[in-house]
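Enquirer:
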Amino acid sequence: MFLRLVSVLTDELCALQCVREAQQRSVYTTLVCDSLGMQWWERGIPVRGEMAAFVRQVLQHRGGQGYGALIEAVAVLEGRETADDLDRLVRREVYGVESRAAVDLPGVFDGDTQRRAWDLLAHGSVPRPVLHSVLARELRIALPDGESALGLFVHLVEQNAQPDGLPPALVLVEVVAALGSPQAAALRAWSDEWASSAGLTDALRERRAQTALHATPDGTVPRALVVMVDPAHDGTDRIYVRHWVNAAAGFWQPRAFAPEETTLDRLGPAVLRAVRHGEAQWAGGAEDSPVHVEFVLPHALLNHDVAQLKLTSDAFEPLPLHLRFYVHLRSLDRMRVRDAQQRRLWHDRWRTLQEAPAAETVRWSGTTDPLAQWQEKLHRNPRATGVILQHPAEHGHGLEALVAALTEGVGLVVWDRRPDMPQSVELLRLLLGHSPSQLPFKVHQLRVRAETEEGGRLLVGRSIAFLWDDPNRVVDCEEMPA
Numbered sequence: 004m005f006l007r008l009v010s011v012l013t014d015e016l017c018a019l020q021c022v023r024e025a026q027q028r029s030v031y032t033t034l035v036c037d038s039l040g041m042q043w044w045e046r047g048i049p050v051r052g053e054m055a056a057f058v059r060q061v062l063q064h065r066g067g068q069g070y071g072a073l074i075e076a077v078a079v080l081e082g083r084e085t086a087d088d089l090d091r092l093v094r095r096e097v098y099g100v101e102s103r104a105a106v107d108l109p110g111v112f113d114g115d116t117q118r119r120a121w122d123l124l125a126h127g128s129v130p131r132p133v134l135h136s137v138l139a140r141e142l143r144i145a146l147p148d149g150e151s152a153l154g155l156f157v158h159l160v161e162q163n164a165q166p167d168g169l170p171p172a173l174v175l176v177e178v179v180a181a182l183g184s185p186q187a188a189a190l191r192a193w194s195d196e197w198a199s200s201a202g203l204t205d206a207l208r209e210r211r212a213q214t215a216l217h218a219t220p221d222g223t224v225p226r227a228l229v230v231m232v233d234p235a236h237d238g239t240d241r242i243y244v245r246h247w248v249n250a251a252a253g254f255w256q257p258r259a260f261a262p263e264e265t266t267l268d269r270l271g272p273a274v275l276r277a278v279r280h281g282e283a284q285w286a287g288g289a290e291d292s293p294v295h296v297e298f299v300l301p302h303a304l305l306n307h308d309v310a311q312l313k314l315t316s317d318a319f320e321p322l323p324l325h326l327r328f329y330v331h332l333r334s335l336d337r338m339r340v341r342d343a344q345q346r347r348l349w350h351d352r353w354r355t356l357q358e359a360p361a362a363e364t365v366r367w368s369g370t371t372d373p374l375a376q377w378q379e380k381l382h383r384n385p386r387a388t389g390v391i392l393q394h395p396a397e398h399g400h401g402l403e404a405l406v407a408a409l410t411e412g413v414g415l416v417v418w419d420r421r422p423d424m425p426q427s428v429e430l431l432r433l434l435l436g437h438s439p440s441q442l443p444f445k446v447h448q449l450r451v452r453a454e455t456e457e458g459g460r461l462l463v464g465r466s467i468a469f470l471w472d473d474p475n476r477v478v479d480c481e482e483m484p485a
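See the structure below:
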C-alpha cells in the first residue's frame with residue numbers, strides 16, 4: 004500500500020507544472036518542508052527519481068502529516084481545484100474509495116482534522132479481518148466487506164454518534180491504534196485532541212479502556228467456518244444449512260450468511276459455497292493460522308462422515324474436506340439447550356479440560372457399562388473431560404452414550420465410525436493424552452496420514468469422529484421453519 008501511494012503521488016506530481024519546472028519544484032519542496040519542519044537536499048537526479056525520493060521521505064516523516072502537506076503545497080502553487088482533484092485521484096487509485104475531498108466531507112470533523120486522520124491511517128495498516136472483527140464488536144453496526152481502515156473511515160465519517168457521543172469514525176481510529184498500528188501514539192493524540200474540543204474526554208477514556216479489552220486476542224479462537232445442518236423433520240429428506248464465518252483468529256465475531264435448503268446427499272455443494280464465503284472473509288489477514296470447519300449437527304447426524312465431504316470445484320481437486328481444514332463436530336441439540344444447569348456443566352468441564360490433557364478419560368464399551376450406570380459415572384466425576392466411545396455413535400450402539408455424555412457437559416468425545424474396532428480404543432486414548440490446544444492439529448495429522456500413506460484407509464484417521472465443542476463459541480441456532 005505504501006509503495007502504491009508513493010508511485011501514484013510521484014506520477015501525478017510529475018505531471019504538474021509546479022514540479023516539472025525546476026525553479027517551481029524548488030519552491031514546492033520548500034513549502035512542504037517548511038510546513039513539516041523537515042529538511043531536504045536535492046540529489047541532482049532525473050525529476051521522477053528526485054520526486055519519488057522526496058515523496059517517500061515526506062510520507063515517512065514523524066507526525067503523520069506528510070500527505071496533507073504534499074496536497075496543500077499543490078493548492079498554493081496550482082490552486083485548490085487541482086489539489087482537490089489530486090486528493091480524490093489518490094484516494095481512488097490507492098485506497099479504492101470514491102469520495103469528495105476531505106474539505107468537502109460533512110460531519111463532526113473539519114477538513115484538516117480529516118486529512119490528518121487519513122494520513123495516519125494510510126501509514127498504520129492492520130490486518131483487515133482483525134480490524135473488521137474488533138470494529139464490528141465495538142460499533143454493533145454492519146460494515147462494508149473488504150474495506151481498509153481508510154475505506155472504513157470514509158464509510159463511517161457521516162454515521163450517527165454512538166450512545167456515548169463518540170463518532171464511529173473516531174472509534175475506528177481507536178481500534179486501529181489498539182490493534183498495534185505503527186501510528187498508534189499519533190492516532191490516540193488525534194482522538195484526544197478532538198475529544199477535548201468536543202467535551203468528550205471522559206467518554207473517550209472509558210471507550211479506550213473497553214477497546215483495549217476487545218482488541219486483546221484469545222488464543223483459543225481460530226479462523227473458522229461454522230456449518231449448521233438442521234433436518235426439516237417433515238418426513239422428507241430436506242435439510243436446512245446455515246453457516247457463519249469467523250474472519251480473524253483470536254476474535255470471536257462470526258458473521259452469518261443466508262441459509263439454504265438442500266438434502267444430505269447434496270451437503271457437499273452447500274459446504275463449498277460456504278467455504279467460498281469464508282475464503283473471501285479470511286483474505287487480507289496477516290496470519291497463516293489453520294482454519295477450523297465446525298459442523299453443528301443434531302444427535303442423529305453426529306456419526307455422518309462430514310470430514311470426508313468432497314468439495315468439487317474448478318479451482319482445486321475434489322479432495323476430502325479434512326485435507327484442507329481442521330474438521331470437527333459440535334452438538335446442535337446441546338447448543339439449543341437453555342437449561343442453566345446443563346450450560347454450567349458444559350462450561351465447567353471445558354474449563355477443567357483447558358487446565359491439562361483430558362483430566363480423566365472415560366471409555367464406554369456398551370457391555371460393561373449399562374446406560375444408566377454410565378451416566379451416573381459421569382455425573383459423579385466432574386473431572387471426566389474426555390470420552391472415548393468403543394462403538395459408533397448410532398442408535399443402539401454408541402449414540403445413547405454420547406447423548407448422555409453431552410447432557411453431563413462433556414465437550415471432548417472421540418470414536419471410530421467403523422463397527423467392531425476395539426483395537427482403535429488404545430490409539431484414541433493416546434490421542435487424548437496430548438494437550439487440549441494440540442488436539443485439533445493431532446486429529447488433522449491422523450487424517451492426513453490416513454489419506455496419504457499406503458494402506459492408510461485402514462488407519463483410524465480415516466474413520467475417526469472428533470467432537471470438539473467449545474461452549475464459549477456459540478452461534479445463533481434457533482429452529483428453522485419446516
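Numbered per this note's numbering, the sequence shown finishes at 485, counting up by one with no gaps.
All C-beta atoms, glycine included, are put in the ideal place defined by N, C-alpha and C.
1) Bridge partners of Y329, per DSSP?
2) Taking the alpha carbon of L123 as the point to measure from, which residue in D90, V178, L169 and A187 has its own alpha carbon closest?
3) Measure the CB-CB distance between A453 and L442 and report whether it falls below 8 Å.
4) So, helix, strand or coil for G459, using DSSP?
5) Which full runs of the beta strand (DSSP E) of 3+ residues lie inside the stretch 117-203, going along the chain?
6) Specify the secondary structure class of R241 as computed by DSSP and reduced to three states.
7) Please classify F444: is it buried, with 16 or more other beta-carbons within 10 angstroms of its beta-carbon, or exposed?
8) Which value, in whole angstroms, describes the spacing of the CA atoms of T266 and T239?
9) If contacts are defined as beta-carbon pairs under 8 Å, then P234 and P301 qualify, I think. What distance do you get, rounded to the angstrom?
10) Hey, out of D308, A76, L153 and R386, whose CA is closest to L34's CA?
11) Using the C-alpha atoms, what's the distance from D148 back to E161?
12) Do S194 and L173 come within 8 Å of each other at the CB atom, strictly closer than that value?
13) I need the straight-line Cα distance from R420 to G168, nearest angstrom please.
14) On the three-state DSSP scale, how would you describe T219?
15) Are L39 and V61 touching if we call contact CB-CB under 8 Å?
16) Tell me the DSSP bridge mates of E264?
17) Could you check where the beta strand (DSSP E) with V309 kicks off and where it finishes?
18) Got a sec? Which residues, its chain only, sit under 6 Å from D472 by beta carbon, not counting five neighbours each side?
19) On the three-state DSSP scale, how would you describe T388?
20) Cutting at 7 Å between CB atoms, please list the residues of its own chain near D113, excluding the five before and the five after it.
21) Straight-line CA distance for L381 to S368?
22) Would you identify the three-state DSSP class for L322, choosing helix, strand or coil?
23) In this structure, what does DSSP give as the bridge partners for F469?
24) Could you give the residue range of the beta strand (DSSP E) that holds T410?
25) What does the alpha-carbon distance come out to for the pair F254 and H400?
26) List the residues that DSSP assigns as beta-bridge partners of N249.
27) Out of R432, I467 and A396, which has the shortest C-alpha to C-alpha gap to Q448?
28) In the DSSP assignment, find the beta strand (DSSP E) that holds W367 and state where it starts and stops.
29) According to DSSP, simplified to helix, strand and coil, what is L435?
30) What first and last residue would you give for the alpha helix (DSSP H) that runs through R46?
31) Helix, strand or coil for L16 per DSSP?
32) Considering only residues of the same chain and omitting the five flanking positions on each side of P293, which have a CB-CB separation below 8 Å?
33) How should A273 be labelled, buried or exposed, when 16 other C-beta atoms within 10 angstroms of its C-beta is the threshold for buried?
34) Could you give the DSSP three-state label for D233: helix, strand or coil?
35) In whole angstroms, what separates the C-alpha of G52 from that of V133?
36) Would the stretch 351-363 count as touching the stretch 375-394 if we require 3 or more Cβ pairs under 8 Å?
Expert: For this structure:
1) According to DSSP, which records beta bridges pairwise, Y329 is partnered with H295.
2) Comparing Cα-Cα distances from L123 to each of D90, V178, L169 and A187, the minimum goes to A187.
3) In this structure, A453 keeps its C-beta atom at 8 Å or more from the C-beta atom of L442.
4) In this structure, G459 counts as helix in the three-state DSSP scheme.
5) Secondary structure within the stretch 117-203: not one fully enclosed beta strand (DSSP E) run of 3 or more consecutive residues is present.
6) Secondary structure of R241 (DSSP, three-state): strand.
7) Label assigned to F444: exposed.
8) One C-alpha to the other measures close to 9 Å.
9) Indeed, because the Cβ distance is near 7 Å, the residues count as touching under 8 Å.
10) In this structure, A76 is the residue among D308, A76, L153 and R386 with its C-alpha nearest to the C-alpha of L34.
11) Approximately 18 Å, taken between the alpha carbons.
12) Less than 8 Å separates the beta-carbon of L173 from that of S194.
13) G168 has its alpha-carbon roughly 56 Å from the corresponding atom of R420.
14) DSSP, reduced to helix, strand and coil, places T219 outside both helices and strands of the structure shown, so it counts as coil.
15) Yes, these two residues count as a Cβ contact at 8 Å.
16) Bridge partners of E264: Y243.
17) Run containing V309: none; DSSP gives neither H nor E here.
18) Hits under 6 Å: R333, S334 and G414.
19) Three-state DSSP puts T388 in a strand.
20) Excluding sequence positions up to five before and after D113, its CB lies less than 7 Å from no other CB in the same chain.
21) Within the model, the alpha-carbon separation for L381 versus S368 is close to 14 Å.
22) In the structure shown, L322 sits in coil (DSSP, three-state: anything other than H, G, I, E or B).
23) Residue pairing for F469: DSSP places it in a beta bridge opposite V417.
24) Bounds of any beta strand (DSSP E) do not take in T410; it lies within the alpha helix (DSSP H) bounded by L402 to T410.
25) When rounded, the distance between both Cα atoms is 38 Å.
26) A227.
27) With distances taken between CA atoms, Q448 lies nearest to I467 out of R432, I467 and A396.
28) For W367, the enclosing beta strand (DSSP E) starts and ends at E363 to W367.
29) Under the three-state reduction of DSSP, L435 is assigned to coil, being neither helix nor strand.
30) Here R46 belongs to no alpha helix (DSSP H), and DSSP marks it neither H nor E.
31) L16 falls in the helix class under three-state DSSP.
32) Shown here for P293: same chain residues with a beta carbon closer than 8 Å to its own, the five before and five after excluded, namely P225, R226, F328, Y329, P443, F444 and H447 in chain order.
33) Burial call: buried.
34) If DSSP states are grouped into helix, strand and coil, D233 belongs with the strands.
35) Looking at the two C-alpha atoms, the distance is approximately 36 Å.
36) At 8 Å Cβ cutoff, the stretches touch.
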